[in-house]
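Presented below is the structure to which this report refers.
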Amino acid sequence: MHEHHVFLLRHALTEWSSVKRYVGRTDPPLTAVGERQAHAAGRTYALMSDDSSALVLSSPRRAALRTAELAGLVVSDLTEDLVEWDYGDYEGLSHAEVHDRVPGWSVWSHPIPGGENADHVERRADAVLERTRKELADRPVALVAHGDFGRVLIARWLGLPATAGRRFRLDPASLTVLGRERNEPQLLHLNIPPS
48 MHEHHVFLLR HALTEWSSVK RYVGRTDPPL TAVGERQAHA AGRTYALMSD DSSALVLSSP
108 RRAALRTAEL AGLVVSDLTE DLVEWDYGDY EGLSHAEVHD RVPGWSVWSH PIPGGENADH
168 VERRADAVLE RTRKELADRP VALVAHGDFG RVLIARWLGL PATAGRRFRL DPASLTVLGR
228 ERNEPQLLHL NIPPS
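If you're matching positions, the sequence shown starts at 48 in our numbering and goes up one per residue.
Pasting the structure below:
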C-alpha cells in the first residue's frame, strides 16, 4: 500500500524573524517579503505534492495561517501543538542578547526560564506526528508550523530526540518533505526554498 508524504511548511518571514528575535508566544504579522515568500511557497508545494486532498494542519498563529492562505492551502484544522517553542523570558530577544545573559546558551541544550523544556516540545511534536501517521494511508498531510518546532518535528519523525532538531535548518517559507521506505522514516527533501 502506498503511504503519502508529510509536507512541512515553515511560515514565511515576519517582522521579528527578519531581525532574528525569538518568537514563541508573540504573534507578529508577515512582512511584505514574507507575503511574497508565502505565494512562492505555494508554487513549490504544488510542484512537490502528489494530491490536492491533503489534510492541512496549522499552528493558529497568524504567520502560519497567512502563509497557508497565500500558499493556497485550505487549513483543515488548527492545533496549539504546532505553535513555536515557548521561549519564556527570552521572548523578543535576539540570540546575541540572550548570549549576553547566558554565554553559550542554546534552546537545544539550556533551560529556558519561564518557557518550555525540550521534553514538553517533544511531546507536542509526538502528538502531531501520531495524528499525522493515522492519516497517511489515505492522504498526504501538510503541517504549517514554525522554525524551531518544525526542526523538532523532523527529528521526531526520524526517531531522534527533540534536541537533534539543531541539525536541521528551516528557512522562512521553506518546504520539507518526510516519508517512509519499507516502513523506515526518511527525510526526502529538506528546506526547499520557495520558487
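In this text, a Cβ means the ideal position worked out from N, Cα and C, and glycines have one as well.
Note that the structure is a prediction, hence the values are computed from the model and not measured.
Asked	Found
For V145, does the three-state DSSP call read helix, strand or coil?	helix
So, helix, strand or coil for F196, using DSSP?	helix
Would you mind working out which of R229, T179, R68 sits nearest G194, comparing C-alpha positions?	R68
Relative to the C-alpha of A143, which candidate in E62, W204, V66, L225 has its C-alpha closest?	V66
Beta-carbon separation of L235 and F215 under 8 Å?	no
Does the Cβ of L117 have 16 or more other Cβ atoms within 10 Å, making it buried, or fewer, making it exposed?	buried
Between the C-alpha atoms of Y92 and E127, what's the straight-line distance to the nearest angstrom?	23 Å
Using a Cβ-Cβ cut-off of 7 Å (strictly less than) and excluding sequence neighbours within five positions of S123, which residues of its own chain qualify?	L102, V103, L104
Could you have a look at H167 and say whether DSSP puts it in helix, strand or coil?	helix
So, does the region 159-167 touch the region 127-141, judging by three or more C-beta pairs under 8 Å?	yes
For S100 and chain B, any beta-carbon pair shorter than 8 Å?	Considering every chain present, this structure includes no chain B. It has just one protein chain.
With DSSP as the reference, identify every bridge partner of V191, one or two as the case may be.	L56, S105
Over what stretch of residues does the alpha helix (DSSP H) that includes R90 continue unbroken?	79-95
Just to confirm the assignment, what range does the beta strand (DSSP E) spanning H236 have?	231-239
Under a three-way DSSP split, which group does E116 fall into?	helix
Looking only at DSSP bridge pairs, what is G139 linked to?	Answer by DSSP bridge pairing: none, since G139 is not bridged.
Roughly how many angstroms separate the alpha carbons of A70 and R108, rounded to a whole number?	The question names Ala, yet the displayed sequence has Val at residue 70. The straight-line gap from Cα to Cα measures roughly 11 Å.
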